[in-house]
Amino acid sequence: MRIVILGNGISGVTAARHIRKQSDHPITIISSETPYFFSRTALMYVYMGHMRFQDTQPYENNFWVKNRIDLVQAHITDIHFGDRFLLSENGEKIFYDKLILALGSKPNKFGWPGQDLQAVHGLYHKQDLEAMEKHSKGLKRAVIVGGGLIGLEMAEMFLSRHIPVTFLVREPDYWRVVLPAEESAMVSRHIRHHGIDLRLSTELKEIIDDGNGKACAVMTHKNERIDCGFVGLTAGVSPNVAFLKKTELAIGRGIQVNEFLKTNQPHVYAIGDCAEMLTPKAGRRPIEAVWYTGRMMGETVAQNICGKKTAYQPGIWFNSAKFLDIEYQVYGTIPSILPQGIETIYWEHPDGDKSIRINYRKDNGTVTGFNLMGIRYRHQVCEKWIKSKAHIEEVLMHLALANFDPEFFKTYEQEILATYNQQTGKSLRAKSQRRLSSVLSFLKSN
Amino acid sequence: MNTFSVNNNHVWTKPLTSRGVAAWILGVILTGFYILLYFFPALLGKGGDGAPNTGIIALFDPLSYALKGKPASEWFLYGTLYTLAILGFGIKFIRKYRHNKYEILRTISVMFFQLGFAFLLPEILQKLNKPYYDFKNMWPLNYYMFDAYNLDAYLSSGTIGLMMLVWGLLMIFVISPILTYYFGKRWFCSWVCGCGGLAETAGDSFRHLSDKSLKAWKIERWIIHSVLIFVVIMTIGVLYSYVYDHPGKLTVTRNHLTAIFLVTLSLAGIFIGSNWFKGIQKVDRRKALIAIGIIIALVITAHLGHRKNILFVDNGLLRQWYGFFIGAIFSGVVGVGFYPILGSRVWCRYGCPMAAILGIQQKLFSRFRITTNGGQCISCGNCSTYCEMGIDVRAYAQKGENIVRASCVGCGVCSAVCPRGVLKLEGSAFDISDRVLVNE
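Chains A and B, in that order, are what the protein sequence lines are.
By the count of this note's numbering, the first sequence reaches residue 1470 at its end, each step adding exactly one.
By the count of this note's numbering, the second sequence reaches residue 1242 at its end, each step adding exactly one.
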């Protein structure tokens, strides 16, 4: 049974590794981007000089030979689902018995005038990194459009080379569509603290041509002109499925898949950023373009291909990021606007760069989510509390179990407990200590 | 705003830190300095046969007189420069990692042990006419501990001399295993040790140059354990020679020595060979047992045969070879001279027999491990890149496995550079026998 995986990102590569663990089927991974798998999220560190590109490759080059995974660098232009083959740019046919589409995303462009000029790029592919490198020489200012994670990463990259950055964000605060107001304001402050020219509630109107097909300035919707030599478009991503739209494959915003990650075509699966769940789990979005879900889908599709019918179970939502110096972790659901029936406790460090937020249900006290800024919490502990519907007071009394900051770091669990006591008039006291033995016995207990 | 993160901007693009021309120039200077120091001290201005010092060494005479009332030697010059490097680059390190209390405390600790224990205390002891002694150093890192001149000094210095000898034996056989059990080998390698101290401070800018390949890991295990075997055989030989050279003058006889060696080696064999401790593979277990078997055979031949000749060459010659190839060339010329090319922990990773022993202890019976935070790893590679010991930390982190590696010195930098809060150095006795297993 020949298995072909289109895309060598985290989803496709995880699928290949897990299929190999369980079977001897021939596996081929096709990508036009790079010969070897690399960590997309690490591209910024290459630009900043923290790592070389080869350091972003999690496996040594002979890993693929050793595991009998064939790597093919080719650009696929069409897929014939009836005859089960992929067609490459130079006319080569690659046949499959099972096909996994792990096509990833492409940066969004919303029809802005000038969006296809030179020196206008997103940050997704290795080629985007190369373009940023090329345009950085002698660059006087970069303008970045879109108030999300990638935009801020791009800004940090330019800052590392002392290139001034103007950051246009449509929302009234940074990443306000995801973060609650306080955290969002914290990151906005932090961005300005780093000397980034942050323009909130500002939209891009057009990108101006310098007469030679290269961007030289942007115009905002307030008709303000900002001169620049590079424009970063980071207003989110969408599934990279355009070349398949004319085929029989069912495509909505992404490739539609059922809970077993199967598409409407026989023997064809889709995973990662390009997959759109027809029946997403409660509280989850149909397309979740993050590293972790891609990895989990890769594991699930491997089970299904190897004959163990397995539904995609993403578990409790989690994510993490780093906003310049502030690390961010979320476990469970933390909506940007507090819904009816949910209560929140929020503690923020007087310095304004660390915070802990815990959400819980008003009716029964069940904990629903954790949001951490500048503080590390332990994934398994938070997940267990949310899954087991632990009561907020139980969680607060044992909160030290969740702390994952390095040894000797100051802990703030007592502060959030005090905040709760103050809000409710109770006088709870901490019962657990920050010790691995306590954590392990908690995780092993029922 | 108080938040900082580790700034590694341009590390891989600046010539000095990316094996550029500047790195090679610095490498040549450092290597050259070590060669002068070890083999041509006269060129540094050392005055021989009562002649006064000149050149660089003479510059250190006033400090040397102030500390011990004697002129400086090339070793005094080296010790002073070494200490200044740890103090100066230690301050730089603390600034770079100022948001991280673990790194700050650890660095203050290595600065303290270098200045107090490695530099000032031994000099003061000499002023008081006591043997030179660094209380934090231990055999086999100080392979000269059992040299005749050292043993003579301990045995002729009354109670304090005997105390030093007993302390040295306690350090290696009692104190270090206990501390390694609780904290991992980091208590020594990145909190106390002078070699580690220099690597962590002056070598910090070169930590990313360590080789992360599986091949390098394999070479590492072969070389470091060979050095360990070498130092054990050499020391056994030196002790037999000492007893042989002092007939009737010592309480300890040849029979005592043989008994002590055989008991210690057999215990080590039982220890490694049994199934009490997981975390070591069968093939490695077998190799360790073969090595111990060879050493036992050598002990028996030394006991029965000529006592000045353990490995078919004179024990004194064996000791000289060790001092030359391992003590001087490996730990000094290559270990520090090649910082800008091979990274800062070449000696600690490939050569140090002390690190080898503590590593075996860490792998077999320590609470210490680096835990990984569930699924938050994005495989970015910062942890592996900045691991000075060349451990591919990411390979474990992306699978959610604990990291229990013999070579890990617990510097904590992988955790500090992780952009997703995935790694934590910690310890527990709760699951000590299966801490190496997958954490799912």
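Using N, Cα and C, we set each Cβ at its ideal position, and we do this for glycine too.
By the rule that beta-carbons nearer than 9 Å mark a contact, K1411 of chain A does not touch chain B.
For G1137 of chain B, no CB of chain A lies under 9 Å from its own CB, so it is not counted at the interface with that chain.
The three-state reading of DSSP puts H1145 of chain A in strand, counting E and B together. Note on the segment 1068-1096 of chain A: whole alpha helix (DSSP H) runs with a minimum of 4 residues are 1086-1090, in chain order. For the pair L846 of chain B and G998 of chain B, the Cα-to-Cα distance works out to about 26 Å.
Here K872 of chain B is exposed: its Cβ has fewer than 16 other Cβ atoms, across all protein chains shown, within 10 Å. According to DSSP, M1421 of chain A shares a beta bridge with no other residue. Residues of chain A with a Cβ closer than 7 Å to the Cβ of Y904 of chain B are, in chain order, P1430, E1431 and F1432. Between L1423 of chain A and L1441 of chain A a beta carbon distance of about 7 Å is seen, short of the 8 Å cut, so the two are scored as contacting. Annotation for Q1353 of chain A: the continuous beta strand (DSSP E) segment containing it runs I1350 to G1356. Less than 9 Å divides the Cβ of L1257 of chain A from the Cβ of V1169 of chain A. For Y1293 of chain A, the enclosing beta strand (DSSP E) covers residues V1292 to A1294. Using a Cβ-Cβ cut-off of 9 Å, L818 of chain B does not count as an interface residue toward chain A, since no Cβ of chain A sits closer than that to its own. N1343 of chain A is bridged by DSSP to A:V1354. Under the three-state reduction of DSSP output, S1379 of chain A falls in the strand class.
Under the DSSP assignment, F1079 of chain B falls outside any beta strand (DSSP E); it carries neither an H nor an E label. Secondary structure of Q1139 of chain A (DSSP, three-state): coil. Minimum Cα-Cα distance from T1190 of chain A among the listed residues A:I1350, A:I1275 and A:G1253 corresponds to A:G1253. For P1059 of chain A, there are no C-beta contacts with chain B under 9 Å, since the nearest C-beta of that chain is about 17 Å from it.
Among the residues facing chain A, W814 of chain B is included, as its CB has a counterpart in that chain under 9 Å away.
Contact check for G1318 of chain A and D1297 of chain A: beta-carbon distance about 6 Å, within the 8 Å limit, so the pair qualifies. At a cut-off of 4 residues, the continuous stretches assigned as alpha helix (DSSP H) that sit fully inside the segment 1048-1131 of chain B are 1056-1075, 1084-1106 and 1117-1123.
Close partners of E1437 of chain A in chain B (Cβ separation under 8 Å) are lacking, with about 16 Å as the shortest Cβ gap. When only Cα atoms are considered, H1027 of chain B and I1093 of chain A end up about 35 Å apart. Distance from the CA atom of Y1046 of chain B to the CA atom of L886 of chain B, rounded to whole angstroms, is 42 Å. For T1187 of chain B, the residues of chain A that pass the 8 Å Cβ criterion are H1074, M1075 and D1079, in the order they occur in the chain.
Straight-line spacing of the CA atoms in L1141 of chain A and K1238 of chain A works out to 5 Å. Going by C-alpha positions, H1105 of chain B is about 11 Å away from H1058 of chain B. For L1464 of chain A, the chain B residues whose Cβ falls inside 9 Å of its Cβ are S1230, F1232 and D1233, in order along the chain. In this structure, the beta-carbon distance from V830 of chain B to S820 of chain B does not fall below 9 Å. Between I1112 of chain B and I1038 of chain B, the gap from beta carbon to beta carbon is short of 9 Å.
At a C-beta separation below 7 Å, L1016 of chain B has these neighbours in chain A: E1084. Residue contact check for D1349 of chain A against chain B: a CB pair falls below 9 Å. L845 of chain B has a beta carbon lying at 9 Å or more from every beta carbon in chain A. Contact between S911 of chain B and P933 of chain B is absent: CB atoms are separated by about 25 Å, not below the 8 Å threshold.
Within the same chain, Cβ atoms closer than 7 Å to the Cβ of T1271 of chain A are found at I1103 and F1105, the five residues on either side in sequence being excluded.
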